[in-house]
Structures are given as structure tokens and as C-alpha cells.
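Protein chains: 2
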Amino acid sequence: MKILGYNIDLEKAVKTINEKKYKHVVLQVPEGLKSHVYKFVEFLEKNTDSRVIISGDPCFGACDVGRYELRDLKIDFIVQIGHLPIPYVKNPVIPMVFINAEADVDVTKIVEKAIPYLKGEKIGLATTAQHVHLLDEISNLLRENNFKPVIGEGDRRIFSKGQILGCNFSAARCIADCVDLFMFVGSGSFHPLGLLLSTRKPVITCDPYTNEVKSDELEDLKDMILRQRYGAIARSKDAKVFGILVGIKKGQQRIELVNKIKNILDSNHKKSYVIALDYFSPMTLESFREIDCFVSTACPRIAIDDYMQYETPIVTPVELEILLGIKKWDEYQFDEIR
Amino acid sequence: MKILGYNIDLEKAVKTINEKKYKHVVLQVPEGLKSHVYKFVEFLEKNTDSRVIISGDPCFGACDVGRYELRDLKIDFIVQIGHLPIPYVKNPVIPMVFINAEADVDVTKIVEKAIPYLKGEKIGLATTAQHVHLLDEISNLLRENNFKPVIGEGDRRIFSKGQILGCNFSAARCIADCVDLFMFVGSGSFHPLGLLLSTRKPVITCDPYTNEVKSDELEDLKDMILRQRYGAIARSKDAKVFGILVGIKKGQQRIELVNKIKNILDSNHKKSYVIALDYFSPMTLESFREIDCFVSTACPRIAIDDYMQYETPIVTPVELEILLGIKKWDEYQFDEIR
Chain R
818 MKILGYNIDL EKAVKTINEK KYKHVVLQVP EGLKSHVYKF VEFLEKNTDS RVIISGDPCF
878 GACDVGRYEL RDLKIDFIVQ IGHLPIPYVK NPVIPMVFIN AEADVDVTKI VEKAIPYLKG
938 EKIGLATTAQ HVHLLDEISN LLRENNFKPV IGEGDRRIFS KGQILGCNFS AARCIADCVD
998 LFMFVGSGSF HPLGLLLSTR KPVITCDPYT NEVKSDELED LKDMILRQRY GAIARSKDAK
1058 VFGILVGIKK GQQRIELVNK IKNILDSNHK KSYVIALDYF SPMTLESFRE IDCFVSTACP
1118 RIAIDDYMQY ETPIVTPVEL EILLGIKKWD EYQFDEIR
Chain F
818 MKILGYNIDL EKAVKTINEK KYKHVVLQVP EGLKSHVYKF VEFLEKNTDS RVIISGDPCF
878 GACDVGRYEL RDLKIDFIVQ IGHLPIPYVK NPVIPMVFIN AEADVDVTKI VEKAIPYLKG
938 EKIGLATTAQ HVHLLDEISN LLRENNFKPV IGEGDRRIFS KGQILGCNFS AARCIADCVD
998 LFMFVGSGSF HPLGLLLSTR KPVITCDPYT NEVKSDELED LKDMILRQRY GAIARSKDAK
1058 VFGILVGIKK GQQRIELVNK IKNILDSNHK KSYVIALDYF SPMTLESFRE IDCFVSTACP
1118 RIAIDDYMQY ETPIVTPVEL EILLGIKKWD EYQFDEIR
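Protein chains in written order, with the working numbering: chain R, 818 to 1155; chain F, 818 to 1155.
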């Protein structure tokens, strides 16, 4: 099925549902596809004997494998559209399938346009789930132009070669030492920013939708974000009460890290409370007015991306260590879930 | 422990935690008590060997028995403060205890003040969890003034005699035929409004905090709410696409009702989709722009109380039947979970 310029292989879900005779299916889609969710429902109901329920809560990524409570609603299968799986993260009570949304774009032009920016020979390639299927073609185009493309293999959180997540850049970091720069294919600035901060290598961003190539702009954004992060740390220097945030979503549960942070705060004579949350919003955190600084162990985007939305500073685990003087500012690292 | 004028018997939780040697406890508190949650954490950690995690997601009632995923965070016990249990609603994987917040108020004055309003002899008593312990004293005061107080027993959703929930007025409805009016003890207008709509008897509200007695105001509010509900139904008369909302929280899962509504809409040739939701907010529902009218089977307050916040009309199951001409407007009933 082709929607909004993406190829979505719903046939794969249909096949499994028919084979396993699933009757009650839940459909998870990211916000960007929600206005088209009805077409998915109709396709699945037309081609299978199942009834489909739409999951209405936001689904930001494969870390959200559906509420276990769905089982009470007789759900026997979950279809998540728009993400590649995080291989070790599964709903423990309901089987599920991930259907990627593969961008149907021609990359010839953007690669051509990127070539003058590629100062070096060995080019690391990194991209998001929607574009991993384009990496072979991009590699070929680069080779034709006498570059040596390199694609890294990620850790256990990564499904596909060259794929990066907002919370995991392992597929790029593992090749950072042997490439001259990275070429990021995709849209948005959060992923290339993480790539830049995580690998400390130059990053050229290539947006195949707008046909724009950028490099300096990302450095400017990095400087701005780092200033914000420095500000968040500085604002929390005198914090007396800390709130350690732990995510409830299956792929964000870092309880061992929470315990480590709690111990660090205890030994630094800082009062702290652990707060478990499913859905993070400024409204939810506002209820905790007594907290001077939150330390988030859940999705790294919460601290970085949504910084301006929250009144109380939210820092990442690494930033807390800088705040407490355990690490130095020049050891700054992007928070990742590994 | 006494907080904000409530007696909260946290000793009960301490006893169970120590007896069962629970080590990892989650604490759920309603929004109104969230600014005091730190005192509960400290009390529990001081008096037991457990570590306490605060549940940061909003907890509106005993229908929310904690996410099953908490088990992944090694949680072995849940303490929910501020609500009486819904007897048949339990977290299926983690044992829990409910600690009521009992209002520490003197009811002598408010009963005295209410007496001139009590036109009749048999007075039905109804109240919320926070005041059920006061019903005996109120009964005695009424008897001393030659009234005959009557307290009803609720259905399986109700823990205590005379207790009403925003979604269940069975403890009042069962005695409605044999009383002249109801006396509601507590604050806020949602519960007495439901009491009025559910029993169709006069309701005198007695707020022991402000020491105010009201009767006509509630009738005015009822008229306003009914006009709003009539408006919501009228606005949905031409709706082509319906979204049937089903709650994921354990105590709000009405999947059989969802199926019934789906069948009704099908046989009325109306297109409909089922949407499962944990946390209802205007932002979440805004993603479903193609829906002309939502039918909520989750918490009845969503349709009634938050009416003004939502752009798309939300109707209750009974209201849908009125909308489709299956029921008449004068058969209007407040939605209840039974």
C-alpha cells in the first residue's frame, strides 16, 4: 500500500493474521500517519477475518510495544506501522509485527548534490528506518563517484545496518574511527544532531524530500543545543530535590540506571524521588512542583527535544554527572539507550 | 497520617509491606494529593524495607489499578491512596492496597444547616469515598431531628454503603423509590449532578468544607448540562464517521458495550472505528480529524465534564441511541459503568 509517499507492506500483516487466524488486532501508527489509519483498518478488515482496533495513544517508536492491558480487550495481535522493531523489545503477552514505512523517493539527485560537500574518501552512511532500503543504492552512487561508503552494524537495539534511532547511534559510532565524515539521509534535525554529538565527526545531511544538503547549519544547531544543555545543567547546580524519571514503555525501562543515579545522588547528599511515567507531558510533570531538577532515564528526546516546553530543567544521566562534578563538560555525551 | 484535613491510614500499607516483605512499591495518588506524595514516600521507606517509586501518570480513580508493565520495573506491590477499591477491579499481576483519604471534618453544623431544606421524612444519604465514614454520624443527627435516613447498598462496583462514584450511582438508585429526597455530603458538583440525573429525586448538597447547603443551584446546573448534552447530540445528527472509544484502564474496559455499539452503528449504515485509549486528552483525540462524533465507553466524565475542551462532540452510549432515534430524549440517562 502506498500512502503519503511511503510503501507500507500491509500484505505481510495480512499473511500472518490469516495464517494464525487472529481475530482481534490492534493497530499502532505514528502521529504522522494517523490521518490515514482508516485505510489500514479497512485493508486489514477486508483481507482478513479480524476486527481492528486503533490504538489512540501516541506511538513515538518501537519502544512502545502496546499496553499489556490490550489483552483484556481480547486483542490477539498487534500491528505497528512506521517503525522497524527494536529486536529485544517485545510485548510479552501479545504477538506483534512491525511494518516499516519505506520512503518511495529517488535518491540520485540528492546524492549528486551532496558530492561537492563530501571532503574525504570514506563516507559513513546513517539513516532512519524509513530510508534503510535506500542505502545500497546510495552506496553504489557513491562508489561510482570514487568514494568508499561504509555502513555500520548497530548493537542489539538496532534492526537494520546503517539505521540510527533518536536514542541509539551505535551503527554510526562503531565506524566513526574509520570514516572521514557521515552522510545522513532523511529529514528532521534530531537524528543528524545526535549523530554529530555521538560520533564527533562532520555530518552532511541530505533530505531527499526537500532535496536540500546541509552541513554548517547542523554545527550551528549543535552549538545552540549544547548552550541549552549547559544552561539546563547550570540552572540545576543548586537543585536540592531531584526527580529521577523512569519510563514505563517496554523499550525505555532503564531501572538499573535509575538505581545507579539514585545511589550517586544519595552519596552526594541530594534528596531524590523516583517517578515512573508512561506519557511525558509538561502538564504531568507540573504536578511535581517540589522537584528542582528532573533526571530522565526514559526517551532521550524528552530532555533534548522538548526542552523549551518544561519549566523545571530535565537533564540526562550524563548531564547529571557533569552537574555533580563527576564528569567534565568536555566529556559531554548524547544520552543513548544501549 | 493527617494531610490537608484527611486521615490517611498508611500504617495499613506498612503492615502489609512488612508482613509480605515487599521490596519495590509503587505509590499512586490523585492529583489533589500529589504535592504531598513525598511525605508518603518517606513514611513508607522509613517504616519498611522497601524502595518506593511514585507513579507519575494521573490517577483519577480506582479504575486505574496501575500499569501491568510496572512488573518489569520489579514492582511487587502497589499502594493507591485516596480511593476505595472497586471490588472486582484488580491489577492482575501485582498485589495492591487501597488507602482511603478520610475527611477529618465535623458534620454537625452542615447537617443542622441542611435541616430546613429537607422537605420530607425519608432522606437518602449518598457520598464519596472520602466521607463514607461520616454517614453513621449523619444518620444519628438526622434521627435526632425525626428524619428517617436511608443508606443504600451499591452493586459490585461499590465498596462501601452509601458510596457513589462518578460512574456509578447504584447505592442511591436502589433506594430512590423509597426516599423523599437525597442528601449528598461532599464537595464538587459532578457527583450530586449524577445523583440527580440517575435517581430523578431532589438532591440537597451539603459541603462540609465550605459549610454550604445547595439545592436550586444543582437544578440549574442540571438544566445547563442537559442543554449541552442535547447540543452534543444535535451537532452529531449528520455525523458520517463515528469513533467508538474504549478505555484501556482495567476498570473502564467495556469491550462488550463497544461491540454492541459497533453493531448498532453498522445496522444504521454508519461508518465507525474503534479506538483504544489509556489517557484521554483533547490533543490525543485531535489526531482523529476524520471522526465526526466520538462515542465514549470509557469514564463517563470524559463526555460530560470535559465537554468544552473537545472540538469534536463526544457522546455517551445512551446519547448515541437517542441520536439514532432508538431512544427518546425523555429516556435520557446518565452513563454508568455497572
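C-beta: ideal position from N, C-alpha, C; glycine also.
Just so it is clear, the structure is predicted and the values come from calculations on it, not from any experiment.
Take the alpha-carbon of Asn1076(R) and the one of Val896(R): they are about 34 Å apart. From the beta-carbon of Gly873(R), the residues of chain F found nearer than 8 Å are Leu1062, Ile1092, Ala1093, Leu1094, Thr1101, Leu1102, Ser1104, Phe1105. The C-alpha of Leu1014(R) is placed about 12 Å away from the C-alpha of Asp1037(R). The beta-carbon distance between Gly941(R) and Val967(R), rounded to whole angstroms, is 5 Å. This is short enough to meet the 8 Å contact definition.
Distance between Glu1136(F) and Lys1145(F), taken at the CA atoms: about 9 Å. Contact of Ile870(R) with chain F is assigned, a C-beta pair being separated by under 7 Å.
Under the DSSP assignment, Leu942(R) falls outside any alpha helix (DSSP H), being part of the beta strand (DSSP E) whose first and last residues are 939-944.
For Asp1024(R), the enclosing beta strand (DSSP E) stretches over residues 1020-1024.
Taking a Cβ-Cβ threshold of 9 Å, the residues of chain R close to Leu887(F) are Ile1065, Ala1093, in chain order. By a beta-carbon distance limit of 8 Å, Ile927(R) does not contact Asn864(R). Their separation comes to about 35 Å. When secondary structure is reduced to three states using DSSP, Pro966(F) falls in the strand class. For Met1100(F), the uninterrupted alpha helix (DSSP H) run begins and ends at 1099-1103, by DSSP. Around Leu890(F), the beta-carbon contacts reaching into chain R at under 8 Å are Val1063, Ile1065, Gln1070, Ile1072, Ala1093. When the alpha-carbon of Lys907(R) is set against those of Leu982(R), Lys1066(R), Leu1043(R), the nearest one is in Lys1066(R).
The three-state reading of DSSP puts Arg1155(R) in coil, since its state is none of H, G, I, E or B. The Cβ neighbour count for Asn835(F), taken over all protein chains shown within 10 Å, is under 16; the residue is labelled exposed. Between Cys995(F) and Ala931(F), the CB-CB gap reaches or exceeds 7 Å.
Within chain F, the residues Ala1093 have their CB atoms less than 8 Å from the CB of Val843(R), given in chain order.
Under DSSP, the beta-bridge partners assigned to Arg868(F) are His841(F). In this chain, Phe877(R) is not harboured by any alpha helix (DSSP H), its DSSP state being neither H nor E. Among the residues facing chain R, Arg884(F) is included, as its CB has a counterpart in that chain under 7 Å away. Selection Ala830(F), Asn824(F), Pro875(F), Val831(F) evaluated against Met1100(R) yields Pro875(F) as nearest (Cα-Cα). The beta carbon of Val910(F) is closer than 6 Å to those of Tyr885, Arg888 in its chain, skipping five residues each way along the sequence.
DSSP, read as helix, strand or coil, puts Gly1003(F) in coil. Residues of the segment 834-864 of chain F with a C-beta atom less than 7 Å from some C-beta of chain R are Val843, Glu848, Lys851, Ser852, Tyr855, Val858, listed in chain order.
Residue pairing by DSSP places Lys819(R) opposite Asn824(R) in a beta bridge.
Following the DSSP letters along the chain, one finds Val910(F) in no beta strand (DSSP E), marked with neither H nor E. Per DSSP, Gly983(R) has no beta-bridge partner at all.
When beta bridges are read from the DSSP output, Tyr1090(F) appears opposite Gly1060(F). Ala918(R) is not a Cβ neighbour of Gly937(R), given a cutoff of 7 Å. Under DSSP, Lys1031(F) forms a beta bridge with Thr1022(F).
The beta carbon of Gln845(F) sits closer than 8 Å to the beta carbons of Ser872, Cys876, Asp881, Gly883, Ile895, Val896, Gln897, Ile898 from its chain, once the five residues preceding and following it are set aside; these are given in chain order. If the five residues before and after Glu970(R) are omitted, its C-beta is found closer than 7 Å to the C-beta atoms of Lys978, Ala988, Cys991, all from its own chain and listed in chain order.
The shortest C-alpha to C-alpha distance from Glu1153(R) to any of Pro1117(R), Ile1078(R), Tyr1124(R) is the one to Pro1117(R).
Membership of Ile1078(R) in the alpha helix (DSSP H) is indicated by the continuous run 1072-1084.
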